[in-house]
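First comes the structure, then the notes that go with it.
In my numbering, the protein residues as written are 6 to 314.
Next up, the structure:
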């Protein structure tokens, strides 16, 4: 798909809650436009973490090239800035091939950082607040700090390892200094360097929850427990904080039964889907469409109109 006479490079974002069907839709659109896919999933970046992240298989890719999968080791830390930097390089390469990249995934921080930019360095710093929470950490431990952040900014807490005290305290510092949670400050947009079409794929809540529950059952039948067991040495790393992994770790440590772990994964996945939708509504963008997954003709029409301009 040729991109001529455009002031800004085009990108198409296909996002939505977990299990809504983003990957399958993206492959169909990529084949229609003869282009490639860039993942925007903060857990599918990790090598070997396949079942629990719902990583697309080679068969499901159907010959479409996918980027930003399996790019870091399970023990590595990885940030929004890392993602944006690497993804922009891929976008530039695809632009040179006259292809419109399709960015697919449900990690809102990645998507917002890519299209709107982000900069926490401009957030007011407060040494007094930081010292107070460092003292509370020394007195009450990391769990107290994590739960404190979770109560004021659950979206940021979901993204930070509960043992990464420095980042937890920084997020609390942003909240106490600016009066806004870090996740909301992250949405302060700059003018995007891209011409973006953002499609948020939705589904009836009851139907979505059924799909989430079925996906979780499938993950366990495919061997999720064994997958987690093979990576349990990294249980305190960022990668193992993903839903599906942290619950199975508890089971493997005899802190819960297998049935309880399965139900907890389902519940946490449903709650995550709700938080995702909240985040997608917050992202500021003037070409954002919420479309039910069943409206394939409408989705196709919007994309074709965007690509042809």
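Built from N, CA and C at the ideal position, the CB exists for glycine as well. On a predicted model such as this, the values are computed, not experimentally measured, just so you know.
| Query | Result |
| --- | --- |
| Run through DSSP, which three-state label would residue 239 get? | helix |
| Relative to the C-alpha of residue 168, which residue among 189, 143, 198 and 185 is closest? | 143 |
| Residue 322: which of 311, 284 and 306 sits nearest, CA to CA? | The structure shown does not extend to residue 322, since the chain is modelled only from 6 to 314, so the question has no answer here. |
| Nearest to residue 229 by alpha carbon, out of 298, 213, 250 and 196? | 250 |
| Residues in its own chain within less than 6 Å of residue 4 by CB, not counting five upstream and five downstream? | In the structure as shown, the chain starts at 6 and stops at 314, and residue 4 therefore has no counterpart that could be examined. |
| Taking the Cβ atom as the reference point for each residue, do residue 13 and residue 109 lie within a distance shorter than 8 Å? | no |
| Do residue 17 and residue 107 have their C-beta atoms closer together than 8 Å? | yes |
| What is the DSSP secondary structure of residue 44, reduced to helix, strand or coil? | strand |
| Between residue 223 and residue 64, what straight-line distance do the alpha-carbon atoms span, to the nearest angstrom? | 17 Å |
| Is residue 70 helix, strand or coil when you go by DSSP? | coil |
| Below 7 Å CB to CB, which residues in the same chain sit around residue 158 once its five sequence neighbours on both sides are set aside? | 176, 180, 186, 187 and 188 |
| Are the stretch 114-122 and the stretch 76-93 in contact at 8 Å, needing three or more beta carbon pairs? | yes |
| Can you grab the Cα-Cα spacing for the pair residue 7 / residue 38, in whole Å? | In this prediction, residue 7 scores a pLDDT of 45, lower than 50, which makes its location untrustworthy; the coordinate-derived value is nonetheless stated afterwards. Using only the alpha carbons, I get a separation of about 10 Å. |
| Grab the span of the alpha helix (DSSP H) containing residue 251 for me, first residue to last. | 250-257 |
| Going along the chain, which residues of its own chain have a beta-carbon closer than 8 Å to the beta-carbon of residue 93, five neighbours each way excluded? | 119 |
| Does the Cβ of residue 101 have 16 or more other Cβ atoms within 10 Å, making it buried, or fewer, making it exposed? | exposed |
| Rounded to whole angstroms, what is the Cα-Cα separation between residue 316 and residue 174? | Nothing can be reported for residue 316: it is not among the residues displayed for the chain, which extend from 6 to 314. |
| Using C-beta distances below 8 Å, list every residue in its chain close to residue 227, excluding the 5 sequence neighbours before and after it, in chain order. | 56 |
| Give me the Cα-Cα distance between residue 303 and residue 210, rounded to the nearest whole angstrom. | 20 Å |
| Any idea what DSSP makes of residue 213, helix, strand or coil? | helix |
| Should residue 238 be labelled buried (16 or more other beta-carbon atoms within 10 Å of its own) or exposed? | exposed |
| Rank 164, 97 and 196 by C-alpha distance to the C-alpha of residue 43 and give the top, closest one. | 97 |
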